[in-house]
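Engineer: Next up is a structure, given as structure tokens.
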Amino acid sequence: MATSPMSGIRTYDPAAANRPRDTDPNTGMSAADQTQNFLKLLIAQIKNQDPMSPMDASTMTAQMSQLNMVSSMGTMNTSMQAMLAQMQSANFLNQATLIGHSPMVAGNTINFMGSEVILGANLANPLQGVIATIKDASGNVV
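This is the structure we're talking about:
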């Protein structure tokens, strides 16, 4: 029986890692369900309050502002996730345009692997002359 050497290895998928969760892992309820439950509790509290000792207006205002803040944060989270998806898509498209092109990188060392290496320089000012020293892996001048 053959086994896959990749079985049991977890892979990282950034798209899955950044995907919003539809439910709160602690309650199993969506944000909309939590908002509805909050409103039901608030209405029940107002209906069943003692007429001789009604709810303080500042308490009710604080509860409503908390609900609005949670709702706004949910909307902002959705907007940020959409923006992240667009940025990731744009980054992928930018990287895809580089396929088949030669990159230019800054550095002062080159590893020779047996095939041709093309060197170039991009300078702000023209040079009068250039001296290149080529050394082997031991540091000896070739």
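Letter by letter, the sequence shown follows residues 0 to 141 of numbering that gives the first Met the number 0. Every residue, glycine too, gets a C-beta built ideally from N, C-alpha and C.
Should the segment 31 to 42 be called in touch with the segment 62 to 77, which here means at least 3 C-beta pairs below 8 Å?
Structural biologist: Output reads yes: the segment 62 to 77 touches the segment 31 to 42.
Engineer: Are the beta-carbon atoms of residue 103 and residue 121 separated by less than 8 Å?
Structural biologist: Here residue 103 corresponds to residue number 104 of the sequence shown, with the count starting at 1. Here residue 121 corresponds to residue number 122 of the sequence shown, with the count starting at 1. Yes, these two residues count as a Cβ contact at 8 Å.
Engineer: Tell me residue 134's beta-bridge partners as DSSP assigns them.
Structural biologist: To locate residue 134, count along the sequence shown from 1; it is residue 135. Paired residues: 140.
Engineer: Give the DSSP-derived three-state secondary structure of residue 118 in the structure shown.
Structural biologist: Stepping through the sequence shown from its first residue, residue 118 is reached at position 119. Residue 118 falls in the coil class under three-state DSSP.
Engineer: Using the three-state DSSP reduction, which class does residue 41 fall into: helix, strand or coil?
Structural biologist: Residue mapping note: residue 41 aligns to position 42 of the sequence shown, counting from 1. Three-state DSSP puts residue 41 in a helix.
Engineer: So the candidates are 55, 54, 74; which of them puts its Cα closest to the Cα of residue 34?
Structural biologist: For the purposes of this step, residue 34 is identified with residue 35 of the sequence shown, where counting begins at 1. Per the Cα distances, 74.
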